[in-house]
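A.B. asks: In our numbering, the protein residues as written are 2 to 394.
Before I ask anything, let me first share the structure, which is written out below as structure tokens.
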Ligand SMILES: [Fe+2]
């Protein structure tokens, strides 16, 4: 590794609990952090699936009162955050539990920021704008995953400006992150596939990021290997506890990598598809991933060759270039095997949206402004981004 004249931080929850039955630890951990009446932030889907009740039953059994806010919507809004803050204050809560995939954690992180620091959620847009610590906070993951249960990122939609505010603040990192595969068993195959490919994208983008370090590399490498091993079986059979647990570790490791090495143009471009057509994040990433990495290939040829090996491809006797190409093949094969649509038009049709070539220029302009692109290993011109969107149609 070459010496670089920069200092790299490493952000991670103080405590992480991973494994079958880890959820039982929630009341004890809230108590250990000094909480006695948590606000449980979640969404109607989680409540409908019976998971919220599992958690409130655990709290009740431990003699701990709680209040549930389950109005969080996908792409949570400033209104969600402020409603949650009002309930937190009115009910006299003193701690937070967030329960879900990405949205509940983002919403709960926002609630914690405002409760602790005052003001509005909009005040915290940008990097490290808070000055006071969050309330005691346990984040419980139900997908595998966004890794939002362990990151310092909080994305909240500003409803008046109609933009997603990126809040990057080390204080929103949960005190305790919890991944219990038993909470993930009910995830349907399509969601398992989409969230798993999101995790693969996190690992790959962090691995080829311009600010990768040995610490993020080790996490990314293991994440890629685990996803290649466990994602297919987890999609094939949601009750496969070994695969579910493997994906818990994989997505967490991918989170360790991207929470500290950031991402790249897959996310920069996928965000625009999310904003423009409201298409799901994981599948947008999955479709864009091989196309963006084909463009990136010349920047980090040796790293792509390593990704091929980690994904189980036989690279023996191959040139670095040929081995690197195999990484793209491995990613495409995995996507295909788990039912990810071949292109963006097909993806749009699945969700009743028409993805149109004439929107590419606008999405390209916005993708070029997305902060995720800053650490992409190759700097694309507008025409390159447009060509990638086109190839992914
Ligand atoms: Fe992501």
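Beta carbons are placed, not taken as given, at the ideal position from N, Cα and C, and that holds for glycine.
Check residue 376 in the structure and name its three-state DSSP category.
C.D. replies: Three-state DSSP puts residue 376 in a helix.
A.B. asks: Throw me the rounded Cβ distance for the residue 316 and residue 327 pair, which I believe falls under 8 Å.
C.D. replies: That belief holds up - the Cβ atoms of residue 316 and residue 327 are roughly 6 Å apart, short of 8 Å.
A.B. asks: Tell me whether the stretch 332 to 344 and the stretch 358 to 366 touch, counting them as touching only if at least three CB pairs, one residue from each stretch, are closer than 8 Å.
C.D. replies: No contact exists between the stretch 332 to 344 and the stretch 358 to 366.
A.B. asks: Are three or more beta carbon pairs between the stretch 180 to 195 and the stretch 206 to 217 nearer than 8 Å?
C.D. replies: Short answer: they don't touch.
A.B. asks: Should residue 290 be counted as a contact of ligand 1 given a C-beta to heavy atom distance under 8 Å?
C.D. replies: Incorrect: residue 290 has no Cβ contact closer than 8 Å to ligand 1.
A.B. asks: Check each candidate in 97, 303, 128 and name the one with the smallest Cα separation from residue 35.
C.D. replies: Minimum Cα distance to residue 35 is reached at 97.
A.B. asks: Would you check if the stretch 214 to 226 and the stretch 303 to 314 touch, i.e. whether three or more CB-CB distances between them fall below 8 Å?
C.D. replies: They touch, by the three-pair rule.
A.B. asks: Would you kindly work out how many angstroms separate the C-alpha atoms of residue 215 and residue 258, rounded to a whole number?
C.D. replies: Going from the Cα of residue 215 to the Cα of residue 258 covers about 10 Å.
A.B. asks: CB of residue 261 to nearest heavy atom of ligand 1: below 8 Å?
C.D. replies: Not so, every heavy atom of ligand 1 lies at least 8 Å from the Cβ.
A.B. asks: Measuring CB to CB, does residue 146 end up less than 9 Å from residue 256?
C.D. replies: In contact: residue 146 and residue 256 (Cβ atoms closer than 9 Å).
A.B. asks: Would you mind stating whether residue 25 and residue 60 have Cβ atoms separated by less than 9 Å?
C.D. replies: No, the Cβ-Cβ distance between residue 25 and residue 60 is not below 9 Å.
A.B. asks: Across the stretch 157 to 174 and the stretch 296 to 308, are there enough close Cβ pairs to call them in contact, namely three or more that are closer than 8 Å?
C.D. replies: Taking 8 Å as the limit for Cβ pairs, the verdict is that the stretch 296 to 308 does not touch the stretch 157 to 174.
A.B. asks: Is residue 266 near ligand 1, with its Cβ less than 8 Å from a heavy atom?
C.D. replies: Incorrect: residue 266 has no Cβ contact closer than 8 Å to ligand 1.
A.B. asks: So residue 232 and residue 100 are supposed to be a Cβ contact under 8 Å. How far apart are they, rounded?
C.D. replies: At roughly 23 Å, the Cβ-Cβ gap does not stay under 8 Å, so residue 232 and residue 100 are not in contact.
A.B. asks: Is the CB of residue 278 under 9 Å away from at least one CB in chain B?
C.D. replies: The structure shown has no chain B; it contains just one protein chain.
A.B. asks: What three-state label does DSSP hand residue 41 in the structure shown?
C.D. replies: DSSP places residue 41 in strand when its eight states are reduced to three.
A.B. asks: Kindly list the residues whose CB is nearer than 7 Å to the CB of residue 352, restricted to its own chain and excluding five residues on each side of it in sequence; keep chain order.
C.D. replies: Here the set comprises 280.
A.B. asks: Of all the options 175, 74, 46, 53, which has the alpha carbon lying nearest to the alpha carbon of residue 12?
C.D. replies: Taking only the C-alpha atoms, the option nearest residue 12 is 175.
A.B. asks: In or out: residue 9 buried (at least 16 other Cβ within 10 Å) or exposed?
C.D. replies: Label assigned to residue 9: exposed.
A.B. asks: To the nearest angstrom, how far is the alpha carbon of residue 41 from that of residue 77?
C.D. replies: Distance between the alpha carbons of residue 41 and residue 77 is about 15 Å.
A.B. asks: Which same chain residues, not among the five before or five after residue 158, have their C-beta less than 6 Å away from its C-beta?
C.D. replies: Closer than 6 Å at the Cβ level, and outside the excluded window around residue 158, lie 76, 78, 165.
A.B. asks: Flag this pair as yes or no: are the beta carbons of residue 183 and residue 22 separated by less than 9 Å?
C.D. replies: A contact, by the Cβ cut-off of 9 Å.
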